[in-house]
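Numbering-wise (the numbering used here), the sequence shown opens with residue 111 and increments by one. Comments concern the structure below.
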Amino acid sequence: MLSFNLGLAPLVLATGMISAAAAQGLQHLNFFDYGQRGPLLASHFGPPATNATFDYVIAGGGNAGITIATRLAQTGASVAVIEAGGFYEVDNGNLSIVPGYATYFTGSDLNNYSPLIDWGFATAPQAALGNRQLHYARGKTLGGSSARNYMLYQRSTVDSMQTWADEVDDQSYTWDAFLPYYQKSVNYTPPNQALYTNSSNKQDPNAFNATGGPLKVSFSNFVDPFGTWAQQAFIKANMSEIEGLDSGKLLGSAYATLTIDPRNAGGRLLNPAS
Numbered sequence: 111m112l113s114f115n116l117g118l119a120p121l122v123l124a125t126g127m128i129s130a131a132a133a134q135g136l137q138h139l140n141f142f143d144y145g146q147r148g149p150l151l152a153s154h155f156g157p158p159a160t161n162a163t164f165d166y167v168i169a170g171g172g173n174a175g176i177t178i179a180t181r182l183a184q185t186g187a188s189v190a191v192i193e194a195g196g197f198y199e200v201d202n203g204n205l206s207i208v209p210g211y212a213t214y215f216t217g218s219d220l221n222n223y224s225p226l227i228d229w230g231f232a233t234a235p236q237a238a239l240g241n242r243q244l245h246y247a248r249g250k251t252l253g254g255s256s257a258r259n260y261m262l263y264q265r266s267t268v269d270s271m272q273t274w275a276d277e278v279d280d281q282s283y284t285w286d287a288f289l290p291y292y293q294k295s296v297n298y299t300p301p302n303q304a305l306y307t308n309s310s311n312k313q314d315p316n317a318f319n320a321t322g323g324p325l326k327v328s329f330s331n332f333v334d335p336f337g338t339w340a341q342q343a344f345i346k347a348n349m350s351e352i353e354g355l356d357s358g359k360l361l362g363s364a365y366a367t368l369t370i371d372p373r374n375a376g377g378r379l380l381n382p383a384s
């Protein structure tokens, strides 16, 4: 058991909601949806300057932290998540909710970032860019940088996973060993091919399975005209079309999968892991 003063943490998210949601089979893991049906959002925070005891304390509420907290809460353990940021839906409003605003504050200007949801990291001076330093957008919020990735869903590559496995001398990190866990976390809906009248969207069906979840992964209900021309440009540049970007191969061009619910195109960045 771990005890600490709740007044010391910038944001503490206890897992009463996470445990309750886990008991429902991970079907509705949206902070706001759950808050409307049960406890208020504010009830997931410990009272300031009040001591509390948890079985586990997770430092950081990014992709890994929230996922680990959820898995632990499913066992019945009490879990606290400490996060430097907050809820991006609240802190950043429409800029984090409306997909068209996704590019705001993600450029290279060091002074043009959103401090409520971004760490404001700067790269090392880049010799090829006249020793300029660039803003490197990284999420300081629940959900981490998944809140800043344009709702794209992509995986690592076969070779990079093999390198990782070799460096740590543990072959459980190879692509083939890791793929079932990728598949376990997502619920995939293939593209509507009827929408791609001027292009094609090939996806490897073996990258996903029918029993995955809870993260919804799909494609938009429309095809951006720019994307159809971009595909032709890639092909003419000898970047041939491959079967998606989720099978461990990135050498080529393909439409990227998105973390959206195909029923309503709703964003699914932080919510499923929470």
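The beta-carbon is built from N, C-alpha and C at its ideal position, and this holds for glycine as well.
Original post:
Which of helix, strand or coil does DSSP assign to L289?
Top reply: In the sequence shown, the residue the question calls residue 289 occupies position 179. Three-state result, L289: helix.
Subject >> Pair within 8 Å by beta-carbon distance, F231 and R248 >> reply: Locating residue 231 in the sequence shown gives position 121, counting from the first residue. Locating residue 248 in the sequence shown gives position 138, counting from the first residue. In this structure, the beta-carbon distance from F231 to R248 falls below 8 Å.
Original post:
DSSP puts N297 in a beta bridge; with which residues?
Top reply: On the sequence shown, position 187 is the one that residue 297 refers to. N297 is bridged by DSSP to K326.
Original post:
I345 lies in the beta strand (DSSP E); which residues open and close that run?
Top reply: Reading the sequence shown from its first residue, position 235 is the one you call residue 345. Taken as a continuous stretch (DSSP letters only), I345 belongs to no beta strand (DSSP E), being part of the alpha helix (DSSP H) at 335 to 346.
Subject >> Supposed close pair T267, L325 - CB separation, criterion 8 Å >> reply: The count along the sequence shown starts at 1 and reaches residue 267 at position 157. The count along the sequence shown starts at 1 and reaches residue 325 at position 215. About 20 Å separates the two Cβ atoms, so there is no contact after all.
Original post:
For D276, which three-state DSSP category applies?
Top reply: Residue 276 sits at position 166 when you count from the first residue of the sequence shown. The answer is helix: DSSP assigns D276 an H, G or I state.
Original post:
From this set, D334, A190, K346, Q293, which residue's C-alpha is nearest N161's C-alpha?
Top reply: The residue labelled residue 161 in the question sits at position 51 within the sequence shown. The residue with the shortest Cα to Cα distance from N161 is A190.
Subject >> Coarse secondary structure for V167, derived from DSSP in three states >> reply: Within the sequence shown, residue 167 is the residue found at index 57, counting from 1. The answer is strand: DSSP assigns V167 an E or B state.
Original post:
Measuring CA to CA, which of S218, A366, K312, A275 is closest to I352?
Top reply: Indexing the sequence shown from 1 puts residue 352 at position 242. Answer by Cα proximity: K312.
Original post:
What first and last residue would you give for the alpha helix (DSSP H) that runs through V208?
Top reply: Your numbering for residue 208 matches position 98 in the sequence shown. Looking at the DSSP string, V208 is not in any alpha helix (DSSP H), and its letter there is neither H nor E.
Subject >> CA nearest to the CA of L182, picked from Y166, V208, G196 >> reply: By one-based count along the sequence shown, residue 182 stands at place 72. Of the candidates Y166, V208, G196, the one whose C-alpha sits nearest the C-alpha of L182 is Y166.
Original post:
Between the C-alpha atoms of D228 and Y198, what's the straight-line distance to the nearest angstrom?
Top reply: What you label residue 228 is simply residue 118 of the sequence shown in a count that begins at 1. What you label residue 198 is simply residue 88 of the sequence shown in a count that begins at 1. Cα to Cα, D228 sits roughly 10 Å from Y198.
Subject >> Cutoff 8 Å; reference S224; Cβ partners in own chain excluding five residues on either side >> reply: Numbered from its first residue, the sequence shown carries residue 224 at position 114. Only N202, L205, Y214, F215 meet the Cβ criterion.
**OP:** Kindly give me the distance between the Cβ atoms of L244 and Q236, rounded to whole angstroms, as I take these residues to be in contact under 8 Å.
**Re:** For the purposes of this step, residue 244 is taken as residue 134 along the sequence shown, with counting starting at 1. For the purposes of this step, residue 236 is taken as residue 126 along the sequence shown, with counting starting at 1. Contact flag correct, Cβ pair sits at about 7 Å.
Subject >> Terminal residues of the beta strand (DSSP E) in which I192 lies >> reply: Mapped onto the sequence shown, residue 192 falls at position 82. Residues 189 to 192.
Subject >> Continuous alpha helix (DSSP H) stretch holding T216: start and end >> reply: Here residue 216 refers to the residue found at position 106 when the sequence shown is read from its first residue. Per DSSP, T216 lies in no alpha helix (DSSP H) segment and is marked neither H nor E.
**OP:** State the CB to CB distance for the pair G217 and E193, rounded to an integer number of angstroms; the pair is presumed to be in contact (CB under 8 Å).
**Re:** Here residue 217 is taken as the residue at index 107 of the sequence shown, counted from 1. Here residue 193 is taken as the residue at index 83 of the sequence shown, counted from 1. With a Cβ gap of about 25 Å, G217 and E193 do not count as contacting.
Original post:
Comparing alpha-carbon positions, which option in R242, G362, M271 lies nearest L220?
Top reply: Position 110 of the sequence shown, counting from 1, holds the residue named residue 220. The shortest C-alpha separation from L220 is found at R242.
Subject >> Straight-line Cα distance separating S328 from D371 >> reply: The sequence position of residue 371 within the sequence shown is 261, counting from 1. The sequence position of residue 328 within the sequence shown is 218, counting from 1. Their backbone Cα atoms lie some 7 Å apart in a straight line.
Subject >> Under the three-state DSSP convention, the category G249 falls into >> reply: As a working note, residue 249 is residue 139 in the sequence shown. G249 falls in the strand class under three-state DSSP.
**OP:** Give the DSSP-derived three-state secondary structure of T367 in the structure shown.
**Re:** By 1-based counting over the sequence shown, the position of residue 367 is 257. T367 falls in the strand class under three-state DSSP.
Original post:
Considering only C-alpha positions, which residue in the set S295, V278, Q272 is nearest to A287?
Top reply: On the sequence shown, position 177 is the one that residue 287 refers to. Of the candidates S295, V278, Q272, the one whose C-alpha sits nearest the C-alpha of A287 is Q272.
Original post:
Does DSSP classify R242 as helix, strand or coil?
Top reply: As a working note, residue 242 is residue 132 in the sequence shown. R242 falls in the strand class under three-state DSSP.
Original post:
In the structure shown, what three-state DSSP assignment does Q303 receive?
Top reply: The count along the sequence shown starts at 1 and reaches residue 303 at position 193. Three-state DSSP puts Q303 in a helix.
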